[in-house]
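Each residue of the sequence shown is one higher than the one before, starting from 3 at the first, in our numbering.
C-beta atoms are modelled at their ideal positions from N, C-alpha and C, and glycine is treated no differently.
All figures in this text were calculated on a predicted structure; none of them were measured in a lab.
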Amino acid sequence: KTRIVDLAGKTVTPGFTDSHCHIFGIGEREVTLNLEGTKTREDFLAKVKERVVQTARNKWITGRGWIETFWKPPQFPTRADLDKIAPDNPVFLTRADGHAAIVNSAALKLANIDNHTPDPFGGQILKTNSDPNGMLLDNAMDLVAKNIPKPTEAETEQALLKGIDREIKLGWCEIQNAGSELLDQEIIRRAYAARKVKLRMINAAYGPGEAANALLKNGATLNAFDHRFTQRTIKVIFDGALGSRGAALLAPYSDKADTSGFLTQKPDELRPMFEEALRRGIQVETHAIGDRANRLILDLYEQAFKAVPPGERKIQEPRWRVEHAQILTEQDLPRFGRLGVIASMQPSHAISDLFFAPARLGIERLAGAYAWNSLIKSGAIICGGSDAPVERGEPMIEFYAAVTRCPLPEHGLPVGAPSGVELRSEQNSGQDVRRAHRQDAYVPPQPEGWHPEQAVSREQALRMFTSNAAYAASEENDKGSIEVGKLADFTVLSADIMKIPGPEILKTHCEMTVIGGEIVYGDR
Numbered sequence: 003k004t005r006i007v008d009l010a011g012k013t014v015t016p017g018f019t020d021s022h023c024h025i026f027g028i029g030e031r032e033v034t035l036n037l038e039g040t041k042t043r044e045d046f047l048a049k050v051k052e053r054v055v056q057t058a059r060n061k062w063i064t065g066r067g068w069i070e071t072f073w074k075p076p077q078f079p080t081r082a083d084l085d086k087i088a089p090d091n092p093v094f095l096t097r098a099d100g101h102a103a104i105v106n107s108a109a110l111k112l113a114n115i116d117n118h119t120p121d122p123f124g125g126q127i128l129k130t131n132s133d134p135n136g137m138l139l140d141n142a143m144d145l146v147a148k149n150i151p152k153p154t155e156a157e158t159e160q161a162l163l164k165g166i167d168r169e170i171k172l173g174w175c176e177i178q179n180a181g182s183e184l185l186d187q188e189i190i191r192r193a194y195a196a197r198k199v200k201l202r203m204i205n206a207a208y209g210p211g212e213a214a215n216a217l218l219k220n221g222a223t224l225n226a227f228d229h230r231f232t233q234r235t236i237k238v239i240f241d242g243a244l245g246s247r248g249a250a251l252l253a254p255y256s257d258k259a260d261t262s263g264f265l266t267q268k269p270d271e272l273r274p275m276f277e278e279a280l281r282r283g284i285q286v287e288t289h290a291i292g293d294r295a296n297r298l299i300l301d302l303y304e305q306a307f308k309a310v311p312p313g314e315r316k317i318q319e320p321r322w323r324v325e326h327a328q329i330l331t332e333q334d335l336p337r338f339g340r341l342g343v344i345a346s347m348q349p350s351h352a353i354s355d356l357f358f359a360p361a362r363l364g365i366e367r368l369a370g371a372y373a374w375n376s377l378i379k380s381g382a383i384i385c386g387g388s389d390a391p392v393e394r395g396e397p398m399i400e401f402y403a404a405v406t407r408c409p410l411p412e413h414g415l416p417v418g419a420p421s422g423v424e425l426r427s428e429q430n431s432g433q434d435v436r437r438a439h440r441q442d443a444y445v446p447p448q449p450e451g452w453h454p455e456q457a458v459s460r461e462q463a464l465r466m467f468t469s470n471a472a473y474a475a476s477e478e479n480d481k482g483s484i485e486v487g488k489l490a491d492f493t494v495l496s497a498d499i500m501k502i503p504g505p506e507i508l509k510t511h512c513e514m515t516v517i518g519g520e521i522v523y524g525d526r
């Protein structure tokens with residue numbers, strides 16, 4: 003019998019999809035030392051010290067979520083900071099972006115890292131006066147991480163289920179999980195088989211490596227477990243992050259002229275995998291943040307498309323993606339639409355990064371940073387995600403960021419920037435904005451936001467998290483809109499986000515999550 007539910011004036015949208023998140027990371031943040039929201043270095047160290055007191059000597063202390071952006075001064079912590087409070091425990095604390103970690107001397111010793119240790123390819127051991135200072139970037143993190151005892155399968159499943167429970171309560175009906183290893187995939191499948199999971203998931207396998215090789219060999223899994231689980235994507239990480247200066251730029255960082263970031267994969271080693279993916283009907287999504295990384299990955303995609311023409315592909319329209327696509331040159335921006343490459347972007351990155359992006363990039367490169375509107379106008383399709391646990395992972399924060407480009411109220415406005423950097427927003431063309439921004443002194447952004455010409459309309463924002471997300475997964479015939487014949491996935495919100503004032507979006511919350519016609523959260 004059909005059940006009638008009176009929503010009492012609440013707003014119903016198609017089920018929201020997080021097109022880019024890390025579900026195990028979300029869960030691990032909930033079950034390990036959660037450093038999200040630490041407002042000062044002292045606050046950060048106090049939380050770590052509290053965990054040290056609770057931990058036996060010589061046992062590892064791990065955690066995630068810290069970010070120095072809002073500390074005063076906004077500087078990375080050091081191993082000396084950790085040594086003072088944790089002299090007898092190896093410590094490994096991952097920055098919120100997942101592309102850097104701070105470790106103490108005990109952890110460095112276990113990894114045999116000293117001032118003679120060379121940087122690995124695609125990573126960097128940061129040093130002060132030639133000595134490692136405890137900060138490890140990207141592939142350098144693995145030098146220490148490989149010594150940390152791996153969680154049990156039961157602990158990994160616990161993290162998975164905690165992460166999924168959080169997503170459903172926030173109103174996400176589907177997630178697109180941006181990377182997994184073989185054991186992760188086995189645990190996910192077991193959880194679905196045991197009917198422990200209601201959330202829909204599009205899962206990606208990390209590549210190159212054994213997870214990607216297995217996917218290429220065995221082929222895609224489509225709509226398993228009652229249309230809840232699909233795996234047809236390889237996830238590549240091609241550079242680092244902007245905040246830790248690992249994003250690969252075409253020119254040096256404006257605030258550190260001795261580096262332009264780095265690639266984390268060798269292009270020549272990706273070409274055979276990309277061509278095989280086209281022949282096998284496997285989607286590819288690649289993390290690329292810096293303008294150099296974005297240019298090179300678009301080059302690699304284009305070369306693969308030419309090497310394997312449509313007649314030789316299992317799926318003629320592959321819908322490959324670039325994850326983040328944060329910093330683009332004017333000449334590369336229109337290539338997304340021309341090549342049919344989807345830009346998978348996370349609006350909250352723009353309103354978080356505005357506190358350091360001007361310093362990292364300088365004025366000229368800001369013109370192509372977080373350029374949502376320009377991408378759409380050039381013919382690209384953008385699917386929207388959160389990148390949780392890098393960001394908080396809340397759909398209303400992402401929607402707010404997409405339509406306002408304003409920082410969250412608790413973050414305030416940037417309080418300083420290097421000479422020549424000015425964030426004032428003006429409603430005019432991008433060319434005029436760039437000219438207007440060439441100032442000698444810093445001026446705080448106006449209330450209407452940061453580069454408002456790159457904000458999107460509310461309809462466009464809604465599409466990013468619904469119909470465009472479905473398109474990015476090649477499932478637009480089943481999901482993404484409320485239509486007869488499509489899956490009955492709905493997100494019920496406390497207010498009409500298409501009409502309320504911008505600041506009110508952040509006060510809006512999920513009242514109910516419906517997946518496949520079943521109320522999985524908020525039943526009345």
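_Three-pair Cβ contact test at 8 Å for the segment 389–405 versus the segment 347–354_ = Cβ pair count under 8 Å is three or more, so yes.
*Would you say the segment 35–42 touches the segment 6–24, given that touching needs at least three Cβ pairs under 8 Å?*
no
_Whole-angstrom distance between Ala58 and Ala475, CA atom to CA atom_ = 46 Å
*asked:* Helix, strand or coil, according to DSSP, for Lys268 in the structure here?
replied: coil
*Hey, is the segment 504–523 in contact with the segment 157–175, meaning 3+ C-beta pairs nearer than 8 Å?*
yes
*Of the listed residues Ile150, Leu464, Ile189, nearest to Val93 (C-alpha basis)*: Ile150
*Buried or exposed: where does Ala156 fall if 16 or more other Cβ atoms within 10 Å of its Cβ makes it buried?*
With fewer than 16 other Cβ atoms within 10 Å, it is exposed.
*asked:* DSSP three-state label for Arg394, please.
replied: coil
_Entirely enclosed alpha helix (DSSP H) segments - the segment 48–122, minimum 4 residues_ = 81–87, 107–112
*Looking at the unbroken alpha helix (DSSP H) that takes in Glu155, where does it start and where does it end?*
155–172
*Taking the alpha carbon of Arg280 as the point to measure from, which residue in Asp260, Leu218, Arg297 has its own alpha carbon closest?*
For clarity, residue 280 is Leu in the given sequence; the question names Arg instead. Looking at the Cα atoms, Leu218 is the closest of the given residues.
*Coarse secondary structure for Arg315, derived from DSSP in three states*: coil
_Quick check: Ser555 and Asn114, are their CB atoms within less than 8 Å of each other?_
Here the chain has residues from 3 to 526 only, and residue 555 is not among them.
*asked:* Am I right that Ile317 and Gly283 are in contact with their C-beta atoms under 8 Å? What's the rounded C-beta distance?
replied: The beta carbons of Ile317 and Gly283 sit about 4 Å from each other, so the pair counts as a contact at 8 Å.
*List the DSSP bridge partners of Arg202.*
Glu176
*Among Pro76, Met466, Gly209, Asn375, which residue has its Cα nearest to the Cα of Gln285?*
Gly209
*What do you reckon, are the CB atoms on Asn296 and Leu251 nearer than 8 Å?*
With contacts defined by Cβ atoms closer than 8 Å, Asn296 and Leu251 do not form a contacting pair.
_Beta-carbon within less than 8 Å of Glu271's beta-carbon, same chain only, minus the 5 sequence neighbours each way: which residues are those?_
Pro210
*Excluding the five sequence neighbours on either side, which residues of its own chain have a C-beta within less than 6 Å of the C-beta of Glu246, listed in chain order?*
First, the residue type needs correcting, since residue 246 is Ser and not Glu in the sequence shown. Here the set comprises His101, Ala102, Leu139.
*Flag this pair as touching only if the segment 485–500 and the segment 509–518 have three or more C-beta atom pairs under 8 Å; answer yes or no.*
yes
*Going by beta carbon distance, what residues of the same chain come within less than 6 Å of Leu84, once the five residues before and after it are set aside?*
Listed in chain order, the non-local C-beta contacts of Leu84 below 6 Å within the same chain comprise Val93, Asn106, local neighbours out to five positions each way being set aside.
*If we call anything under 8 Å between Cβ atoms a contact, is Arg362 one with Leu244?*
Taking a C-beta distance under 8 Å as the contact criterion, Arg362 and Leu244 qualify as a contact pair.
*asked:* Give me the residue from Gly339, Phe276, Ile291 with the minimum Cα distance to Pro311.
replied: Phe276
_Using the three-state DSSP reduction, which class does Pro210 fall into: helix, strand or coil?_
coil
*Mapping DSSP to helix, strand and coil, what is Ile127?*
DSSP places Ile127 within a strand segment (E or B) once states are collapsed to three.
*What is the rounded straight-line gap between the Cα of Val417 and the Cα of Thr468?*
Here the model assigns Val417 a pLDDT of 48, short of 50, so the residue's position is not dependable, and the following value carries that caveat. Their backbone Cα atoms lie some 36 Å apart in a straight line.
_Which runs of the beta strand (DSSP E) at least 3 residues long sit entirely within the segment 450–484? Give them in chain order._
none
*So what's Val405 in DSSP terms, helix, strand or just coil?*
In the three-state DSSP reduction, Val405 falls in the helix class (H, G or I).
*For Arg53 versus Ile69, is the C-beta spacing smaller than 8 Å?*
Taking 8 Å as the Cβ cut-off, Arg53 and Ile69 do not qualify as a contacting pair.
_The beta strand (DSSP E) enclosing Tyr523, as first and last residue numbers_ = 520–523
*Would DSSP call His229 helix, strand or coil?*
For His229, the three-state secondary structure derived from DSSP is helix.
*Identify whether Ser496 lies in helix, strand or coil by the three-state DSSP scheme.*
coil
*Say the cut is 7 Å; is the CB of Leu162 nearer than that to a heavy atom of the ligand ATP?*
Among the ligands in the structure shown, none appear at all, so the ligand ATP cannot be discussed.
*DSSP three-state call for Tyr372: helix, strand or coil?*
DSSP places Tyr372 in coil when its eight states are reduced to three.
*Under three-state DSSP, which class holds Glu134?*
In the sequence as presented, Glu is not what sits at residue 134; that position holds Pro. In the structure shown, Pro134 sits in a strand (DSSP, three-state: E or B).
*Three-state class that DSSP yields for Leu244 in the structure shown*: In the three-state reduction of the DSSP assignment, Leu244 falls in the coil class, being assigned neither a helical nor a strand state.
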